[in-house]
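What follows is a set of notes on a single structure, which appears directly below.
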Amino acid sequence: MSRVSKTLDKEFNEQCATEWVKEASKPLEPWEQCPDVWKTKAAFFQWMRGQMRRAWSRHPVKVSYMHNHRERVPLGKKTKKNPTGLVWGCRCEHCNNLFKQTECEVDHIEAAGSFKGWEDFEAWMVKLMHINWNSIRVVCKECHRIISYAERMKITFEEAKLEKEVIAFTKHGVAAQGMMLQTRGIDTTNITNAKQRRAAYKKHLQEQLNDNK
Ligand SMILES: [Zn+2]
């Protein structure tokens, strides 16, 4: 071996040793330290997301926003004690309809999204918790479900609503799906499988959506 290659070899070995020491002295991740508690990194962060959402559900700015946006609405049961059926409710800031307070949720106007590791954890926490009255709104559960789906899939609210309706359609049995198609005036003669039924239903909803535009 020449003197030059021997020097290079030594440098390479030293480099490897440094990397190894760096790697070995890294603190263990929670799922590595306690694999009986969290089997994987994904399981650990799933638990983290749940805990952070619990904290969000009691966020004082969110709670005060809801309290200040609620009003008495005639959506309760009419009883002798409450003949008007007035209960606490909110007006959905998306569809503008009135709902009981239990059917309303607070939504981040700019989605907080999600996180999968430490690298995006802080940014997510800031978006989730650093809120003010201009960055949140009250929406009904149904609107919230569709808004969240639209954000996750990066589609419009209308597209998300349509997708959700199609998904609900596919949950029905074959006979019920056939009935649903027929009552909407769709010719089912050449529709023989689940994929075709789904496509026919979706096409029908899309046409309806275009007609209403
Ligand atoms: Zn709504």
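Mapping of the sequence shown onto this note's numbering: position 88 corresponds to residue 89, and the numbering continues sequentially without gaps.
Backbone N, C-alpha and C define an ideal beta-carbon position, used for all residues, glycine too.
Keep in mind it's a predicted model, so treat the numbers as computed, not measured.
Inset, instruction - Grab me the residues of Phe116's own chain with a C-beta within less than 6 Å of its C-beta, minus the 5 sequence neighbours each way, in chain order. - result: Phe122, Trp125
Inset, instruction - Identify every residue that forms a DSSP beta bridge with Lys237. - result: Residue 237 lies beyond the residue range present for the chain, which begins at 2 and ends at 214; the question has no answer from this structure.
Inset, instruction - Could you pull out every residue in the same chain whose Cβ sits closer than 6 Å to the Cβ of Ala112, ignoring the five residues on either side in sequence? - result: Glu152
Legend entry - DSSP beta-bridge partners of Ile137: His109
Inset, instruction - Quick one: give me the first and last residue of the beta strand (DSSP E) that Leu87 is part of. - result: Leu87 -> no beta strand (DSSP E), and no H or E assigned at all.
Inset, instruction - Would you please state the rounded distance, in angstroms, between the beta carbons of Tyr66 and Val107? I believe it to be under 8 Å. - result: 6 Å
Inset, instruction - Measure the Cβ-Cβ separation of Thr171 and Arg146 and say whether it is below 8 Å. - result: no
Inset, instruction - Measuring from each Cβ to the nearest heavy atom of ligand 1, keep the ones under 7 Å and list them in chain order. - result: Cys93, His95, Cys96, Asn98, Val140, Cys141, Glu143, Cys144
Inset, instruction - Measure the CB-CB distance between Val167 and Tyr202 and report whether it falls below 8 Å. - result: yes
Inset, instruction - Look at the Cβ atom of Cys35, then the Cβ atom of Cys93, and state whether they are nearer than 8 Å. - result: no
Inset, instruction - Let me know the secondary structure DSSP gives Arg185 once reduced to three states. - result: coil
Inset, instruction - Would you list the one or two residues that DSSP bridges to Phe100? - result: Cys91
Inset, instruction - Find the nearest neighbour of Glu208 within the set His173, Met180, Thr103, Glu159, judged by alpha-carbon distance. - result: Glu159
Legend entry - Nearest to Arg138 (by Cα), restricted to the options Leu87, Lys162, Asn69: Asn69
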